[in-house]
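Sequence positions in the sequence shown follow the working numbering and run 88 to 259. Virtual Cβ for every residue (Gly too), placed ideally from N, Cα, C. As structure tokens, the structure follows; a few thoughts come after it.
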Amino acid sequence: PYLLPEGWEWCHIDDIAFKVTDGEHATPLRADKGFYLLSARNVTNQGINLSNVDYVGEHEYNRIRRRCDPDIDDILISCSGSVGRVCLVDKSNTYVMVRSAALIKPSLKDIYSKYVCYCLRSNLVQNQIIIKSRQMAQANLFLAACRRSIFLAYQIKYFGSNEAFDRSLAPL
88 PYLLPEGWEW CHIDDIAFKV TDGEHATPLR ADKGFYLLSA RNVTNQGINL
138 SNVDYVGEHE YNRIRRRCDP DIDDILISCS GSVGRVCLVD KSNTYVMVRS
188 AALIKPSLKD IYSKYVCYCL RSNLVQNQII IKSRQMAQAN LFLAACRRSI
238 FLAYQIKYFG SNEAFDRSLA PL
């Protein structure tokens, strides 16, 4: 979309992730307590919001987690209703998800998860999400469109380290 300095490049989510998937499509059997069942409403730009969360039992948890297994440093994005909210999985809670949220598992040796979160929240990517989300009764961001979102590849040589990147964002 824009000219870049020499050595910098654009990339797609597919280029930096070894897994991009959404949560369970079939309605999971809810439980009164157990494991967290996340949906789009739980994904906020400030993090995972557990104030209004559903639960599943161990059997449902194990079944759902075979395909969609969010772990620390993975990225979640809301894909239905209010599309485009992005957060990092930053706690050791065990989660599973329904289809209204997507999971991005960055290839951590190649890219820094926190950087990807900032990119996905940028105006450049948010505008792509708005255009790509299909407007029907409610907006939906489908996985193919999510995978093809374009952003600036992380330049560790520019920041020197992930910690330097974190420090550069501290004033924001």
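* Asked: Count the other CB atoms within 10 Å of the CB of leucine 207; is the residue buried (16 or more) or exposed (fewer)?
  -> Counting other Cβ atoms within 10 Å of its Cβ, leucine 207 reaches 16 or more and is therefore classed as buried.
* To do: Mind checking who isoleucine 159 pairs with in its DSSP beta bridge?
  => DSSP, once it has assigned bridges, lists no residue as partnering isoleucine 159.
* **Opening and closing residue of the alpha helix (DSSP H) in which tyrosine 202 lies** => Counted as a single uninterrupted DSSP element, the alpha helix (DSSP H) harbouring tyrosine 202 occupies residues 200 to 208.
* Asked: Where DSSP assigns a beta bridge to lysine 106, which residues make up the other side?
  -> In the DSSP assignment, lysine 106 is bridged to Lys192.
* Given a threshold of 16 other Cβ atoms within 10 Å of its Cβ, counted over all protein chains shown, does glutamine 215 qualify as buried or as exposed? -> Looking at its Cβ environment, which holds 16 or more other Cβ atoms inside 10 Å, glutamine 215 is buried.
* Asked: Using DSSP with H/G/I as helix, E/B as strand and the rest coil, what is valine 183?
  -> Valine 183 falls in the strand class under three-state DSSP.
* Asked: At what residues does the beta strand (DSSP E) containing tyrosine 89 begin and finish?
  -> Per DSSP, tyrosine 89 is not a residue of any beta strand (DSSP E), being assigned neither H nor E.
* Cβ atoms of cysteine 166 and aspartate 101: under 8 Å apart, would you say? -> With contacts defined by Cβ atoms closer than 8 Å, aspartate 101 and cysteine 166 do not form a contacting pair.
* DSSP three-state call for valine 212: helix, strand or coil? -> Helix, per DSSP.
* Asked: Any idea what DSSP makes of alanine 118, helix, strand or coil?
  -> Reduced to three states, the DSSP call for alanine 118 is strand.
* To do: For aspartate 161, count neighbouring C-beta atoms within 10 Å of its own C-beta (all shown protein chains included) and say buried if the count is 16 or more, exposed if not.
  => It counts as buried.
* Counting pairs of Cβ atoms below 8 Å between the stretch 138 to 151 and the stretch 166 to 177, do you hit three or more? -> In short, these stretches do not touch, since the Cβ pair count stays below three.
* Cβ neighbour criterion (16 or more within 10 Å) applied to isoleucine 218 -> Classified as exposed, isoleucine 218 has fewer than 16 neighbouring CB atoms from the shown chains inside 10 Å of its CB.
* Is the stretch 92 to 106 touching the stretch 118 to 131 in the sense that three or more CB pairs, one from each, lie closer than 8 Å? -> Short answer: they don't touch.
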